[in-house]
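Asks:
Protein chains in written order, with the working numbering: chain H, 1 to 289; chain B, 1 to 140.
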């Protein structure tokens, strides 16, 4: 069976299911109780297409994902909740009359909720996002953004380390540093502002086009926007599990006439895996440094 | 027919319910917006990594003294930083009681969050939640 199917009249593509099963293999739970079960279920689903069409396989994976949420509470990342409910969607689709349509409906509604919530938090509920504080703080203190802060933010590595030490001590003992003690460049402030605006604008656009009725011009922007979001966000933030999950949901979003978009989602899935192991920001840092 | 039309929307409806639950926890129990399934990550600096959990011993005169958090409680402290509910802080104080020594009549657990000045980024620390647990004779 081909990965993306052959077009109209062909058996529905199993690409969303396969991407989800690969994700389960790449990011199994840490718990020794759940890990073997998830790995076995994912392997069975990948090796036997009939198993990947069975609601029982997805119901079992949903049960493991729900158990993981309970065991990790409250520390599980948000995409773990999305994954658990995505397994539920796959189980429902597998027992539906038209599995592909059921999955498409679920994927669109879930993505719409995710991006609407993200916009709600960034644009309305959070006190420190819109003024740019969040990304300034993240660039200066979050190790995941270190290469970006140095490479594009123009921060000297020694100054970055000094900032980090100041930061750690302040949080650890609860004593603020004196005004002006943190080194920040103009380029870093511009970068923080760009990331603030870009992220919110992209997420708002995605929420809008996902909520928009099918068949309208705006709906045609779903795939390009989601692919841009996956490729840009997960090249910067090392949360590959979330990127892979969005690629799987994106593949499910594709109608029978949109198989080429499915191929692009498979490519995005691969790109996220490459970004994860490829220290491009570090290379950029060295090249510019 | 109607069932098959609406059933695929069930996961999204559950996602919304989860988000409502997360919003309630954030508002009522100080859950960090980064956690809980509400998709508030990368939206605020108020995450577990910018929060501080402090264990204090309270003496008979009511004075409090900062105590080192016992190593076996670090995992529980990480969870309490993200979700400092009364139940979680109480449980932490109770577990700490037999692990600390001193003339304490009570143990207090406090969780502080950090706010950053939007211009200078100077941090300001706000006490988010606290729980004081009297120590009975059988506790220490």
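Idealized CB from N, CA, C, for every residue including glycine.
Quick check: the Cα distance between residue 41/H and residue 185/H, rounded to an integer number of angstroms?
Replies: Rounded to whole angstroms, residue 41/H to residue 185/H spans 50 Å at the Cα level.
Asks: Identify the contact partners of residue 294/H in chain B, using a Cβ-Cβ distance below 7 Å as the criterion.
Replies: Outside the displayed range of chain H (1 to 289) lies residue 294/H, so it cannot be described from this structure.
Asks: Going by DSSP, what residue range makes up the alpha helix (DSSP H) through residue 78/B?
Replies: 74-82 is the extent of the alpha helix (DSSP H) around residue 78/B.
Asks: If we cut at 9 Å on Cβ distances, does residue 110/H have a partner in chain B?
Replies: So yes, residue 110/H belongs to the interface.
Asks: Taking CB distances under 9 Å as the criterion, tell me whether residue 171/H reaches chain B.
Replies: So, interface residue.
Asks: How would you call residue 28/B, buried or exposed, if buried means at least 16 neighbouring beta carbons within 10 angstroms?
Replies: By the 10 Å Cβ count, residue 28/B comes out exposed.
Asks: For residue 189/H, which three-state DSSP category applies?
Replies: If DSSP states are grouped into helix, strand and coil, residue 189/H belongs with the helices.
Asks: Between which two residues does the beta strand (DSSP E) holding residue 57/B run?
Replies: Residues 52-58.
Asks: On the DSSP bridge assignment, give the partners of residue 136/H in chain order.
Replies: According to DSSP, residue 136/H bridges with nothing at all.
Asks: For the stretch 74-119 of chain H, which segments carrying the alpha helix (DSSP H) assignment without a break, of at least 4 residues, lie completely within its bounds, in sequence order?
Replies: Counting only runs of 4 or more, we get 78-94.
Asks: Taking only beta carbons into account, state which residues of the stretch 59-89 of chain B come closer than 8 Å to chain H, listed in chain order.
Replies: For the stretch 59-89 of chain B, which is checked against every Cβ of chain H, the residues closer than 8 Å are 78, 79, 82, 83.
Asks: Are any of the Cβ atoms in chain B nearer than 9 Å to that of residue 78/H?
Replies: Closer than 9 Å to some Cβ of chain B, the Cβ of residue 78/H qualifies, so yes.
Asks: Nearest-angstrom Cα distance between residue 195/H and residue 135/H?
Replies: Distance between the alpha carbons of residue 195/H and residue 135/H: 7 Å.
Asks: What is the DSSP secondary structure of residue 63/B, reduced to helix, strand or coil?
Replies: Here residue 63/B sits in coil by DSSP.
Asks: Verify the CB distance criterion: does residue 276/H have a CB-CB separation below 9 Å to chain B?
Replies: Chain B, which has no Cβ nearer than 9 Å to the Cβ of residue 276/H, makes this no.
Asks: Quick one: list the residues of chain B neighbouring residue 131/H, beta-carbon separation under 7 Å, in chain order.
Replies: Result: 118.
Asks: Start and end of the alpha helix (DSSP H) containing residue 169/H?
Replies: Note, residue 169/H: alpha helix (DSSP H), 157-173.
Asks: Within its chain, find whatever has a CB closer than 7 Å to the CB of residue 271/H; leave out the 5 residues flanking it on each side and keep chain order.
Replies: Excluding sequence neighbours, residue 271/H sits near 231.
Asks: Along chain H, in chain order, which residues have C-beta atoms closer than 9 Å to that of residue 124/B?
Replies: Ordered by position in chain H, the residues that pass the 9 Å Cβ test against residue 124/B are 176.
Asks: If I measure Cβ to Cβ from residue 105/B and keep anything under 7 Å in the same chain, skipping five residues before and after, which residues do I get?
Replies: Cβ neighbours of residue 105/B beyond the five flanking positions: 58, 59, 60, 134, 135.
Asks: Counting along the chain, where does the beta strand (DSSP E) carrying residue 125/B start and finish?
Replies: Taken as a continuous stretch (DSSP letters only), the beta strand (DSSP E) holding residue 125/B covers 123-134.
Asks: Which one or two residues does DSSP pair with residue 108/B in a beta bridge?
Replies: Answer is 56/B, 132/B.
Asks: Which parts of the stretch 1-47 of chain B are runs of the alpha helix (DSSP H), unbroken and 4 residues or longer, counting only runs that do not cross its ends?
Replies: Here the runs fully enclosed are 2-6, 10-29.
Asks: Compare the beta carbon distance of residue 128/H and residue 137/H with 9 Å and say whether it is the shorter of the two.
Replies: Closer than 9 Å, so yes.
Asks: Within a Cβ cutoff of 6 Å, which residues of the same chain sit near residue 45/H, ignoring the five residues on either side of it in sequence?
Replies: Once the five neighbours on either side are set aside, the close Cβ partners of residue 45/H are 21, 51, 52, 57.
Asks: In whole angstroms, what is the alpha-carbon distance linking residue 14/H and residue 115/B?
Replies: Cα to Cα, the separation comes out at about 47 Å.
Asks: Within 9 Å (strictly less), CB to CB, does residue 130/B reach chain H?
Replies: False, the Cβ-Cβ gap to chain H never drops below 9 Å.
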